[in-house]
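Data block below; observations after.
There are 2 protein chains.
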Amino acid sequence: MPRPAPSAFPLTRLVRSSLPLQEQLYARIRSAIAKGQLRPGEKLPSARTMASALGVARGTVDMAFMRLAGEGYLLARGPAGTIVSPALSIDRPVARTVPARISESVEAASDARPFQMGLPALDLFPRALWARLTSRAAKQLAGPALSYPEILGLPELRTAIASYLAVSRGVSCSAAQIIVTGGYQSGLGLIAQALLSPGDPVWFEEPGYVFARQVLQAASAQPVPIPVDGQGMDVEAGFGAAPQARLAVVTPAHHSALGVALSLARRQRLLAWAASAGAWVVEDDYDGEFHYVGRKLPALKSLDAADRVIYAGSFSKTLFPGLRLGYLVVPRQLLPRFAETKSVTTRGEPTLGQKTVADFIVEGHFGRHLKRMRGLYAQRREALATALREVFGERLSMTVEPGGMHLLARFAGAASDVELVRRAARHGLSPTALSTQYLGRSRDSGLLLGFTNVVEERAPALARTLARAIG
Amino acid sequence: MPRPAPSAFPLTRLVRSSLPLQEQLYARIRSAIAKGQLRPGEKLPSARTMASALGVARGTVDMAFMRLAGEGYLLARGPAGTIVSPALSIDRPVARTVPARISESVEAASDARPFQMGLPALDLFPRALWARLTSRAAKQLAGPALSYPEILGLPELRTAIASYLAVSRGVSCSAAQIIVTGGYQSGLGLIAQALLSPGDPVWFEEPGYVFARQVLQAASAQPVPIPVDGQGMDVEAGFGAAPQARLAVVTPAHHSALGVALSLARRQRLLAWAASAGAWVVEDDYDGEFHYVGRKLPALKSLDAADRVIYAGSFSKTLFPGLRLGYLVVPRQLLPRFAETKSVTTRGEPTLGQKTVADFIVEGHFGRHLKRMRGLYAQRREALATALREVFGERLSMTVEPGGMHLLARFAGAASDVELVRRAARHGLSPTALSTQYLGRSRDSGLLLGFTNVVEERAPALARTLARAIG
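Sequence order for the protein chains is A and B. First residue of the first sequence? That's -7 in our numbering, and the numbers climb one at a time after it. First residue of the second sequence? That's -7 in our numbering, and the numbers climb one at a time after it.
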């Protein structure tokens, strides 16, 4: 049976069914992109052409295009037409936070895509326990608990987070310093709104986490790329590039792309700079819990004698992303400003989710869950690393850092990492190209391979598929 | 028994108990404010004095102050000391959205305060049904549903909202035009971020909804007060004041303070202006469902042939505020811009709450609940109006508008409305002063009395208490 040409988007007519035409078209385009029939950067037929070929109204095509553009699949270029987002082999798989499908109405539910970054193991989340705690909390919702939540967060959750941080991340803070947010992105937005003025320079890891950079750019701040080497962000380079920066954003536990830890010496230099320059440091500790060799490092915040670090935690990696909850630990002197900023931007986070998380922590489930995931991720990481070494042999160069949620693999004599990602996508794999994590010209390349959802038994087959894909 | 002097804040020592000292102090100050022992504008003893008198560390007092400042109870004036927020008789009870307490750890749970504005009837929310749907949805959360939600909202919720709006608000839109938000404030923030540049003039109702104005100001937009009369916002005055405005924000169903509807002639003028000026109109339809005399008016959006209206709905009034969900209906041409803006500011809203609301709507509970609340609010409104007329007789001047969630009462020969609110607060009542809803110099005064939580049998007693309070 002949395989369809790689760029052949099926322009066969849509048929009226229980699924609206627009939904059908949406699903068809998305599926074509997922299968590699439509490739990043490829131009789509015009909406008019497509409407005519598919036998639907022009508006139907427009709506599907707009929805896909909104979700990052397509990019509208005005008169130049609509293309598949070039960032698809870049931003999207790169992101720790690729939105997954949740609606069975559009297409069949699927689990995390192989090698997708930034998701916890969705298959082994304690769903029944979580449902039980949620049900109990829902039954308790009454009177005032139905009303507006406290803006800074449910007091019992703030208390629970403060206790957890003291025990598990070496962070000593009061519950009053905890601000519950709708996740890291919202938290960073709050930080930017509270502290930054348009044009303010911000030290940002290069390579670095794309979504965080976008939040800063949306706030009209100016991320200044600071190189990352084997010891994490090169703080000395920051002094040279932007000594007057107002903020530095770092992932000290395991760098968001390279997986390296920020060395103790650099931690101290960073904190000393912040104290003397009157600057602030955002610690994005998204995966600090996931350390497999030796003891995990305490948070940067634990060294923060001068109270210059805003610690950002997320339940997206430690529980699940659909919860949309995270938190900040805010230096005391910034509390009034953050409280005021938060109160004019939101009316607080949903009560039920906050209550459920608080119960989950207080009743000891959280600690047990993290311990279990640590063990599981260590196994999955080892299984994938072993499988890759066996399949690729000498071609593979891979530094396995002691923690994190992905591996960084380089293949001798291979095409560019963006091209490798493109080829892998055609085989249903979703690795991320390291080169796309740079704001400036990329200086390194390789494949970032999320392992948290790679079941051990499947690791050899996935490694073989990857080998076939990248040739 | 002698009553304590009105301004006597109890400076008796705090005793170490299971409740941390800071929590105790926090609760004591808040309770003193609630009881009128500490009055809006009143200066508190210095933190040092208070720490010494209470026998606690200075830091403990600071933390309690900061928390209360963050929640809007106190205002730090630097060297001039800390005062009880003058806005307490202003912003806070004025707000449709006063945060209620949800933590039993801080103080006993209490229901809505008498006459508090902007809350649905918390006593008659179908809690058991809601808990059942939540439990069911929680049990179904698996695999991809645990992952990142779709940024614009759960597809089945967007579809359910579009169907509801068509039937109930006369709004014809596609599910693709619905963007699920974390409530009206977040939605308006999204609108501001997507459409406004610093300094952009925005028509804003005068008087108007304080929290919405704050969102615009936080986005560096410039709200231009446009007077409201018996026919709603005076659109002609807008032409004079700021013909080049980029946006107009209106509450056309029942004005957020005066309760009047925007007349049909003005609706048409407003839409024609928006179309010709290339401006956008935000329709805040927070209480459009609550209309008691005759048929409720269709939404302004239903007349919007030129697609210039961004419709904003909230589940805070139709379900409950602790849910933190609302939605926008976005004109088609703005969809890509809104989708992009939303994707850099949040990663979507929590899946569980969205699923529960979708089920609640689709299974017909939403329609029944709204109908039931409409009947209930009509009774509570009638009972309160009758009680006020009986108690105050000729002194009372009150226009009972055909819809809304509060009454506007004026009392002949009375003190200023701010003073009346202050007196009422001492009797545990929480009316809102109309004069505080103005951005410029207030031109009108009166008491706004939320009736949705006034149980019929209690209405006469509450009216008598109000009479005693205001003298």
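Here a beta-carbon is modelled for each residue, glycine too, at the ideal position from N, C-alpha and C. Note that the structure is predicted; figures quoted are calculated from it, not measured.
- At least 8 Å separates the CB of A:Pro217 from every CB of chain B.
- In the DSSP assignment, A:His283 forms a beta bridge with A:Gly395.
- By the criterion of a C-beta distance shorter than 6 Å, B:Asp351 is surrounded in its chain by Leu125, once the five residues flanking it on both sides are discounted.
- Contact between the segment 435 to 447 of chain B and the segment 103 to 114 of chain B is present: three or more C-beta pairs spanning the two stretches fall below 8 Å.
- Look at B:Val227: its C-beta is not under 8 Å from any C-beta on chain A.
- Between A:Asp226 and A:Leu263, the CB-CB gap reaches or exceeds 8 Å.
- In the DSSP annotation of this structure, the continuous segment of the alpha helix (DSSP H) that includes B:Thr126 starts and ends at 119 to 132.
- Here the alpha carbon of B:Ser77 sits roughly 6 Å from the alpha carbon of B:Gly33.
- Residues of the same chain with a CB within less than 6 Å of the CB of B:Asp276, apart from the 5 flanking positions on each side, are Thr243, Ala304 in chain order.
- At a cut-off of 8 Å between C-beta atoms, A:Trp122 counts as an interface residue with respect to chain B.
- DSSP places B:Tyr156 inside the alpha helix (DSSP H), whose first and last residues are 147 to 160.
- The three-state reading of DSSP puts B:Val220 in strand, counting E and B together.
- In chain order, Pro328 make up the part of chain A whose C-beta sits under 8 Å from the C-beta of B:Ala68.
- Taking C-beta atoms as the reference points, A:Arg300 and A:Ala267 count as a pair closer than 8 Å.
- Between the beta-carbon of B:Leu133 and that of B:Thr343 there is about 7 Å, and that keeps the pair under the 8 Å contact cut.
- Following the DSSP letters along the chain, one finds A:Leu256 inside the alpha helix (DSSP H) bounded by residues 256 to 269.
- Two segments are said to touch when three or more pairs of C-beta atoms, one from each, lie closer than 8 Å; by this definition the segment 171 to 181 of chain B touches the segment 317 to 328 of chain B.
- Contact annotation: in the segment 167 to 199 of chain A, residues whose CB is within less than 7 Å of a CB in chain B are Ala168, Gly174, Gly175, Gln177, Ser178, Gly181.
- At a Cβ-Cβ threshold of 8 Å, B:Ser422 and B:Ser437 do not count as neighbours.
- Of the residues assessed, A:Thr74 falls on the buried side of the cut-off, its CB having 16 or more other CB atoms within 10 angstroms.
- For B:Leu36, same chain residues with a beta-carbon under 6 Å away, outside a window of 5 residues either side, are Thr74 in chain order.
- About 6 Å separates the CB atoms of A:Phe282 and A:Arg366; that is less than 8 Å, so the two are in contact.
- Straight across, the Cα-Cα distance linking B:Ala379 with B:Ala451 is about 6 Å.
- When C-alpha distances from A:Leu289 are compared across A:Arg259, A:Leu311, A:Phe307, A:Ser306, the shortest belongs to A:Arg259.
- Neighbours of A:Glu281 in chain B, taken as residues at a C-beta separation under 8 Å, are lacking, since the least C-beta distance is about 17 Å.
- When rounded, the separation of the alpha-carbon atoms in B:Val349 and B:Thr457 is 38 Å.
- In terms of CA proximity to B:Arg460, B:Ala406 leads the group B:Leu326, B:Ala123, B:Ser189, B:Ala406.
- For B:Met55, the neighbours in chain A by C-beta distance under 7 Å run, in chain order, Ser166, Ala168.
- For B:Ala130, the closest Cβ of chain A is nearer than 8 Å.
- Sixteen is the threshold: when 16 or more other Cβ atoms of the shown chains lie within 10 Å of the Cβ of B:Gly396, as they do, the residue is buried.
- Assigned with DSSP and collapsed to three states, A:Pro12 falls in coil, not helix or strand.
- Beta-carbon to beta-carbon, A:Gly47 and A:Leu6 are separated by about 6 Å, close enough to satisfy the 8 Å threshold.
- Looking at the DSSP output, B:Leu440 shares a beta bridge with B:Leu400, B:Thr424.
- Taking B:Ala56 as the centre and dropping the five residues before and after it, the same chain places the C-beta of Gln14, Leu17, Tyr18 closer than 6 Å to its C-beta, in chain order.
- Residue environment analysis places B:Ser164 among the exposed positions, since fewer than 16 neighbouring C-beta atoms fall within 10 angstroms of its C-beta.
- Taking C-beta atoms as the reference points, A:Tyr65 and A:Arg22 count as a pair closer than 8 Å.
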